[in-house]
Structure formats: structure tokens, C-alpha cells
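Novice:
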Amino acid sequence: MTYHPWHEGSPGGFSGEASGDGPSTGADSVTLRSDGAAVGVLAETAPDAVMHLRAAVRAGVPWSRALLEAVSLWTLPQEVHQDRTYQYLIAGESLDWLTLAERLCPEIEDFIPDIDLERLLFSGSLPDDVTPDEFKQWMGANKHRAYLNYWYGVVVEEALQQAVEDDVRKREKARCYPDHEEMVEEAFSHLYGKSRSELLNEYRKETGMARHSHLSLADFKEFTYWLSKRRFNLWDPARVASDTRKGIRYLSRLEEIPGPLSGEETEG
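Every letter in the sequence shown is one number past the one before it in the working numbering, and letter 256, counting from 1, is 255.
1. If you compare alpha carbons, which of 170, 221, 49 is closest to residue 100?
2. According to DSSP, is residue 60 part of a helix, a strand, or is it coil?
3. Let me know if residue 250 comes out buried or exposed under the rule of 16 or more other beta-carbons within 10 Å of its beta-carbon.
4. Going by CA-CA distance only, name the one from 224, 56, 253, 248 that's closest to residue 111.
5. On the DSSP bridge list, what partners appear for residue 52?
6. Since residue 84 is in the beta strand (DSSP E), which residue starts that stretch and which ends it?
7. When you compare only the Cα positions, how much space is there between residue 115 and residue 124?
8. Could you pull the DSSP bridge partners for residue 93 from this structure?
9. If we call anything under 9 Å between Cβ atoms a contact, is residue 133 one with residue 64?
10. Got a sec, what are the start and stop residues for the alpha helix (DSSP H) residue 189 sits in?
11. For the putative contact between residue 156 and residue 91, defined by C-beta atoms under 8 Å, what is the C-beta separation to the nearest angstrom?
12. Please classify residue 121: is it buried, with 16 or more other beta-carbons within 10 angstroms of its beta-carbon, or exposed?
13. By DSSP's criteria, residue 78 is part of a beta bridge. Which residues make up the other side?
14. Give me the Cα-Cα distance between residue 201 and residue 191, rounded to the nearest whole angstrom.
15. Need the endpoints of the alpha helix (DSSP H) that residue 150 sits in, please.
16. Return the CA-CA distance between residue 105 and residue 151, expressed in angstroms with no decimal places.
17. Quick check: what's the CA-CA separation for residue 158 versus residue 234?
18. Quick one, are the C-beta atoms of residue 71 and residue 137 less than 9 Å apart?
19. Hey, out of 194, 193, 224, 169, whose CA is closest to residue 206's CA?
20. From the DSSP output, in three-state form, read off residue 131 for me.
21. If the criterion is Cβ atoms closer than 9 Å, does the pair residue 198 and residue 226 meet it?
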């Protein structure tokens with residue numbers, strides 16, 4: 000299976016800050032923001048989204064649709080739930096929807112077949128009968144844009160980094176050189192114009208993070224997103240598009256981290 004995100008546009012830009020739409024039932028939601036503030040009318044809160052999720056599946060709505068509608072109603076950028084911290088909003092404008100799905104699925108686990116739950120949480124796949132248009136409609140257009148920001152800015156960017164690092168490794172092996180840490184630095188220099196260590200120091204300074212502070216998983220995602228925006232601003236559009244397609248092709252070969260638009264071909 001070839002994995003692509005739930006959209007049919009060309010690979011590329013970011014949508015900016017994303018605000019949450021209501022599901023197809025007509026409910027409204029709000030922008031997820033890193034400071035917890037809302038843009039627009041606060042119509043739903045996290046518990047309301049959970050209540051909608053439970054009520055929908057009990058009424059016979061397919062779990063996949065109910066889940067995506069709950070995502071559209073969700074307003075918290077982060078949450079501590081059962082002693083675990085969940086970070087849903089990355090860099091104030093990209094939605095890590097699978098982390099949110101991981102939080103929501105236990106609320107309706109009796110309605111999700113084990114194999115479907117495993118496919119969702121471990122490979123990001125929804126049932127085959129969910130189409131890209133339905134995914135966007137049920138999630139809401141604005142939340143969908145935030146999802147695409149995350150897809151390109153974190154998932155594809157990580158894949159691109161690995162693809163370029165693999166290219167460096169192949170060149171080094173052809174010269175009979177062993178693996179070494181400088182391969183990562185060279186890959187980052189190729190993509191972003193500076194070494195990884197330089198970029199990390201620049202990121203910490205820009206975000207006010209202590210120089211030697213530990214980076215959480217959410218911090219690494221935000222760093223990756225920051226890098227992707229740097230790349231978009233650093234190079235000409237043709238190179239940006241080419242590199243982005245390279246990351247998508249790498250994901251397709253891995254067949255591990257899908258965006259749920261399965262079966263569609265990506266240009267390039």
C-alpha cells in the first residue's frame with residue numbers, strides 16, 4: 000500500500016493558524032491555540048467532544064466518523080489525562096491528530112474492532128471505506144488544514160531528513176567510510192544550510208528554551224516543524240517541492256506512517 004495524506008493538493012505550503020470547524024452535524028468549534036485561547040465562539044469543550052463521540056457510536060454512527068467529528072469539536076491544545084500529558088497542537092498551527100485519536104479511542108474501545116484500532120494507532124490507517132472527502136468533511140476544513148500542516152511539517156519533514164541522511168550514508172559507504180555522526184550534520188546542512196547542532200541552538204534561542212534543556216517528544220516535533228518552515232523560506236519553490244516529494248516517496252517505500260489518503264498517486 001502506498002501512503003499519502005488525506006488531500007488531493009500538490010505538496011507544499013502551510014496554511015497558517017488553523018481554526019476548528021464543526022462536524023457535518025453543523026456544530027461549531029474553535030481554533031486550537033498554544034496558549035489555550037479561543038478564536039471565534041467557544042461552542043464545544045473537550046468533554047463535549049467526548050460526549051459527542053460516545054453518543055454518536057451508541058446511535059449507530061460508524062466509529063471512524065464519530066472519531067473524526069470528535070476531533071473537529073476538540074478545543075484543547077494540550078491536556079493532562081490519566082497522568083499523561085498529551086500535546087495535540089504543534090507550534091500553534093499543526094494538529095497531531097493521531098495523538099488526539101489515541102486519547103479518544105479508549106472512550107469507545109468497545110465499538111472499535113481490535114484490528115481496526117491497531118491499524119489506526121500503529122499505522123495511522125482508517126477503514127478502507129473512508130474516503131478523503133469524508134475525512135475532510137467529518138474533521139472540518141480548518142482542522143483538516145491543521146492536520147496537513149502537521150503532515151507536511153513533521154511527518155514528511157522527518158522522512159525527508161532520513162532520506163537525505165541515507166543518501167549521505169550511501170556516498171560514504173561507496174568510499175568505504177564507516178557510519179558516523181557527521182552524516183546527520185551533513186544531511187541537515189544540505190536541507191537547512193546549517194548543521195543540526197547549530198540549528199538546535201538557534202531554535203532554542205528563538206523559542207526561549209534553555210540551551211542544554213531536555214527536549215520532549217513534543218519539543219522535537221516543534222523543532223521539526225520549525226525546520227520545515229525554515230526550508231520553505233530558504234530555497235526556491237522548485238527545490239522545496241522536489242525535496243517535499245522526496246520525503247513523500249520515502250514514506251511510501253517505508254509503508255509505515257500513512258496519511259490516510261491510500262491508493263492515490265503523488266506527483267513526482
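We treat Cβ as the ideally placed atom computed from N, Cα and C, and that holds for glycine.
All values reported here derive from a predicted model rather than from experimental measurement.
Specialist: Taking the coordinates as given:
1. Residue mapping note: residue 100 aligns to position 101 of the sequence shown, counting from 1. Taking only the C-alpha atoms, the option nearest residue 100 is 49.
2. Taking the first residue of the sequence shown as position 1, residue 60 is located at position 61. In the structure shown, residue 60 sits in coil (DSSP, three-state: anything other than H, G, I, E or B).
3. Taking the sequence shown and counting its residues from 1, the one referred to as residue 250 is at position 251. Its Cβ being crowded by 16 or more others within 10 Å, residue 250 is buried.
4. In the sequence shown, residue 111 corresponds to position 112, counting from 1. Here the closest residue by C-alpha is 56.
5. As a first step, residue 52 must be located in the sequence shown, where it is residue number 53. According to DSSP, residue 52 bridges with nothing at all.
6. Looking up residue 84 in the sequence shown gives position 85. Segment 83 to 86, the beta strand (DSSP E) holding residue 84.
7. What you label residue 115 is simply residue 116 of the sequence shown in a count that begins at 1. What you label residue 124 is simply residue 125 of the sequence shown in a count that begins at 1. Between residue 115 and residue 124, the C-alpha separation is close to 8 Å.
8. As a working mapping, residue 93 is identified with position 94 in the sequence shown. 89, per the DSSP bridge assignment.
9. For the purposes of this step, residue 133 is identified with residue 134 of the sequence shown, where counting begins at 1. For the purposes of this step, residue 64 is identified with residue 65 of the sequence shown, where counting begins at 1. For residue 133 and residue 64, yes; Cβs fall inside 9 Å.
10. The count along the sequence shown starts at 1 and reaches residue 189 at position 190. Start and end: 181 to 191.
11. The count along the sequence shown starts at 1 and reaches residue 156 at position 157. The count along the sequence shown starts at 1 and reaches residue 91 at position 92. Not really, about 17 Å apart at Cβ, beyond 8 Å.
12. Counted from its first residue, the sequence shown places residue 121 at position 122. Exposed, since its Cβ has fewer than 16 Cβ neighbours within 10 Å.
13. Taking the sequence shown and counting its residues from 1, one reaches residue 78 at position 79. According to DSSP, residue 78 bridges with 85.
14. On the sequence shown, position 202 is the one that residue 201 refers to. On the sequence shown, position 192 is the one that residue 191 refers to. Spanning the two alpha carbons is a distance of roughly 12 Å.
15. Reading the sequence shown from its first residue, position 151 is the one you call residue 150. Unbroken run through residue 150: none, as it is neither H nor E.
16. If you number the sequence shown from 1, residue 105 lands on position 106. If you number the sequence shown from 1, residue 151 lands on position 152. In a straight line, the C-alpha of residue 105 is about 28 Å away from that of residue 151.
17. The residue labelled residue 158 in the question sits at position 159 within the sequence shown. The residue labelled residue 234 in the question sits at position 235 within the sequence shown. Rounded to the nearest angstrom, the two C-alpha atoms are 18 Å apart.
18. Position 72 of the sequence shown, counted from the start, is the residue given in the question as residue 71. Position 138 of the sequence shown, counted from the start, is the residue given in the question as residue 137. Going by C-beta atoms, residue 71 is nearer than 9 Å to residue 137.
19. Locating residue 206 in the sequence shown gives position 207, where the first residue counts as 1. Looking at the Cα atoms, 224 is the closest of the given residues.
20. Your numbering for residue 131 matches position 132 in the sequence shown. Helix.
21. Indexing the sequence shown from 1 puts residue 198 at position 199. Indexing the sequence shown from 1 puts residue 226 at position 227. Contact flag set, yes.
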